[in-house]
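Q: Below is a structure I'd like to ask you about.
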Amino acid sequence: MTKDRESLQLILNNAYDAFVSMDSKWRITDWNAQAEITLGWCREDVLGRSLDFVIPSHLRKQYLSELFKFFSSDSEDILKTSRDFLLAHRDGKEFPAEISIFKVKEDSDFKYYALIRDITERKRSNEELERLVQERTEKLMHSNEELRQFAKIASHDLQEPLRAIQGFSELLLESTQGKLEKDPTEFIEYILDGTKRMKALIQSVLLHSEIDSYDSDACVTNCNSVIEEVLADLDQSIKDTGASFEVDRLPKVAVERSQMIQLFQNLISNSIKYRNSKAPMIYITAEKNLNQWLFCVRDNSIGIDPQYSDKIFDMFARLHGKVVYPGTGMGLAICKRIVTSHGGRIWVESELGHGSIFMFTLPAVKRQGELK
Ligand code: ADP
Numbered sequence: 001m002t003k004d005r006e007s008l009q010l011i012l013n014n015a016y017d018a019f020v021s022m023d024s025k026w027r028i029t030d031w032n033a034q035a036e037i038t039l040g041w042c043r044e045d046v047l048g049r050s051l052d053f054v055i056p057s058h059l060r061k062q063y064l065s066e067l068f069k070f071f072s073s074d075s076e077d078i079l080k081t082s083r084d085f086l087l088a089h090r091d092g093k094e095f096p097a098e099i100s101i102f103k104v105k106e107d108s109d110f111k112y113y114a115l116i117r118d119i120t121e122r123k124r125s126n127e128e129l130e131r132l133v134q135e136r137t138e139k140l141m142h143s144n145e146e147l148r149q150f151a152k153i154a155s156h157d158l159q160e161p162l163r164a165i166q167g168f169s170e171l172l173l174e175s176t177q178g179k180l181e182k183d184p185t186e187f188i189e190y191i192l193d194g195t196k197r198m199k200a201l202i203q204s205v206l207l208h209s210e211i212d213s214y215d216s217d218a219c220v221t222n223c224n225s226v227i228e229e230v231l232a233d234l235d236q237s238i239k240d241t242g243a244s245f246e247v248d249r250l251p252k253v254a255v256e257r258s259q260m261i262q263l264f265q266n267l268i269s270n271s272i273k274y275r276n277s278k279a280p281m282i283y284i285t286a287e288k289n290l291n292q293w294l295f296c297v298r299d300n301s302i303g304i305d306p307q308y309s310d311k312i313f314d315m316f317a318r319l320h321g322k323v324v325y326p327g328t329g330m331g332l333a334i335c336k337r338i339v340t341s342h343g344g345r346i347w348v349e350s351e352l353g354h355g356s357i358f359m360f361t362l363p364a365v366k367r368q369g370e371l372k
């Protein structure tokens, strides 16, 4: 044996993979120590035998025909099993294995070399991992759904006593008109104002809890017509503030239309609401990155201190008092929910006094489903 051959033999005998070499007729010519462990047969027992005894009898015909078919050509080749092969241990137990078989021309004949790895443990831990992930996902989905239901029911139930407070406060105000001092009248008006705000809060919590993306894969929403509708809805405040717009040609997205309206409405109405002393200018653009769209809504508003860039997307987060800028603090939380429930991301880049750029990503409509 040459020095090279000896070293190779040493490596193969100490390898973690079972190594089997065979002649042109698939008769075993070598069988390393790991092959003895993996397949249970001693080297002496198998030398000269054809390899088929390591294949479980019920799979033998199928595997051998696949094997011979693969190596039928008259050239060197490598077969790597992409799916798990089942092999049989000497004790009869079957196990999943990963196999590479090399067909190599040596002298004038072909030889076959096989590396075999028992992947029982790997498969078991993969399956266990998958089971755990599945279990956790189900638990998470369950608790999400419970939370959604809770928010929905709580919001519905809260509306009822609120309606009573509002109704009776209005009656009280009407029936005491001109009979009460200034202060008590003002107090009733505060109550009414409070109920109005509470109503808006409850409705936005309800809206937030109802956002989902269950059927969104089938949706094809044209953002150009969404913007048209939003601008028509905001017509009065656009006229009042002299707001101007530049809107790119926008794509279609796989998001329910009502959610896209909500998303743009919240962002655009914020750009108008948080305007500085000049008339609002709003630019809306979209560009494609791989299989998603990046939307930008840029304005010349009062801007946002970067330290609050994340916080403003939380529920009820507001940076201003309700007198100067009325609102519930739910608008951006709703935007975030719409975007993230579709696998996207939303963020803001801004500086106080320098306008803001709200950016978000959404999945592109799959080509097949795209409407003309
Ligand atoms: P709301 O407008 O009801 O307060 P949002 O969730 O829509 O609630 O916004 C949260 C906060 O983010 C606002 O209170 C405001 O301070 C800030 N903000 C949102 N949009 C803009 C904008 N375009 N320019 C400046 N500040 C903004």
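For what it's worth, the working numbering labels the leading residue of the sequence shown as 1, then goes sequentially.
Note that CB positions come from ideal geometry on N, CA and C, so glycine has one too.
Here the structure is a predicted model, which means the values were calculated and not measured.
(1) Check whether the Cβ of His208 lies closer than 6 Å to any heavy atom of the ligand ADP, and answer yes or no.
(2) Could you confirm whether any beta carbon from chain E is found closer than 7 Å to the beta carbon of Gln166?
(3) So is the beta-carbon of Thr328 under 6 Å away from any non-hydrogen atom of the ligand ADP?
(4) Do Val20 and Ala35 have their beta-carbon atoms positioned less than 7 Å apart in this structure?
(5) Would the C-beta of His320 count as close to the ligand ADP, meaning under 6 Å from any of its heavy atoms?
(6) Tell whether a beta-carbon distance below 7 Å holds between Tyr308 and Lys273.
(7) In its own chain, which residues sit with a C-beta less than 6 Å from the C-beta of Asn222, not counting the 5 before and 5 after it?
(8) Does any heavy atom of the ligand ADP sit closer than 6 Å to the C-beta of Asp84?
(9) In the DSSP assignment, the alpha helix (DSSP H) including Leu263 goes from what residue to what residue?
(10) Could you check if Asn270 belongs to the surroundings of the ligand ADP, using beta carbon to heavy atom distance under 6 Å?
(11) Return the residue from the list Lys366, Glu76 and Ile302 that minimises the CA-CA distance to Glu106.
(12) Go ahead and pull the three-state DSSP assignment for Leu246.
(13) Pick helix, strand or coil for Lys182, following the three-state DSSP scheme.
(14) What do you get for Ile11, buried or exposed, if any count of 16 or more other CB atoms within 10 angstroms of its CB means buried?
(15) Just curious, the beta strand (DSSP E) that Glu287 is in, first and last residue?
(16) Mapping the DSSP letters down to three states, classify Cys296 as helix, strand or coil.
(17) Can you grab the Cα-Cα spacing for the pair Ile282 / Asp183, in whole Å?
(18) Please classify Asn224: does DSSP put it in a helix, a strand, or coil?
(19) Which partner residues of Arg423 appear in the DSSP bridge assignment?
(20) Answer yes or no: do Ile378 and Asn276 have a C-beta to C-beta separation smaller than 7 Å?
(21) So which of Pro363, Ala333 and Ala18 has the shortest CA-CA distance to Asp118?
(22) Over the uninterrupted alpha helix (DSSP H) stretch that includes Leu386, give me the two end residues.
(23) Am I right that Ile338 and Gln262 are in contact with their C-beta atoms under 8 Å? What's the rounded C-beta distance?
(24) Looking at Tyr112: is its Cβ nearer than 7 Å to the Cβ of Lys103?
(25) Pick helix, strand or coil for Glu370, following the three-state DSSP scheme.
(26) DSSP state of Pro326, grouped into three classes?
A: So, to answer that:
(1) A distance criterion of 6 Å places the beta-carbon of His208 beyond contact range of the ligand ADP, judged by its closest non-hydrogen atom.
(2) Protein chain content of the structure displayed is limited to a single chain, and chain E is not contained in it.
(3) Result yes, Cβ under 6 Å from the ligand ADP.
(4) Contact flag set, yes.
(5) Yes - the ligand ADP has a heavy atom lying nearer than 6 Å to the Cβ of His320.
(6) Going by C-beta atoms, Tyr308 is not nearer than 7 Å to Lys273.
(7) Counting only Cβ-Cβ distances below 6 Å, and skipping sequence neighbours, we find Lys252.
(8) Relative to the ligand ADP, the beta carbon of Asp84 is positioned no closer than 6 Å to any heavy atom.
(9) Arg257 to Lys273 is the span of the alpha helix (DSSP H), which, as asked, contains Leu263.
(10) Checking every heavy atom of the ligand ADP against the Cβ of Asn270, one is found closer than 6 Å.
(11) Each of Lys366, Glu76 and Ile302 was checked against the Cα of Glu106, and the nearest Cα belongs to Glu76.
(12) Here residue 246 turns out to be Glu, not Leu, going by the sequence shown. Three-state DSSP puts Glu246 in a strand.
(13) Reduced to three states, the DSSP call for Lys182 is helix.
(14) The residue in question, Ile11, is exposed, as its Cβ has fewer than 16 Cβ neighbours within 10 Å.
(15) Looking at the DSSP string, the run of the beta strand (DSSP E) that includes Glu287 is Met281 to Asn289.
(16) Three-state DSSP puts Cys296 in a strand.
(17) Between the alpha carbons of Ile282 and Asp183 lies a distance of about 43 Å.
(18) Correct three-state label for Asn224: helix.
(19) This structure leaves residue 423 out entirely; the chain is present only between 1 and 372.
(20) Absent from the model: residue 378. The displayed extent of the chain is 1 to 372, so no value can be given.
(21) Distances from the alpha-carbon of Asp118 to those of Pro363, Ala333 and Ala18 put Ala18 closest.
(22) Examination of residue 386 is not possible in this model, given that the chain is present from 1 through 372 alone.
(23) Taking C-beta atoms under 8 Å as the contact rule, Ile338 and Gln262 qualify, at a distance of about 6 Å.
(24) Taking 7 Å as the Cβ cut-off, Tyr112 and Lys103 qualify as a contacting pair.
(25) Residue placement at Glu370 is poorly supported in this model, since its pLDDT is 42, which falls under 50; the coordinates still yield a value, given next. Residue state, collapsed to three classes: coil.
(26) The DSSP-derived three-state label of Pro326 is coil.
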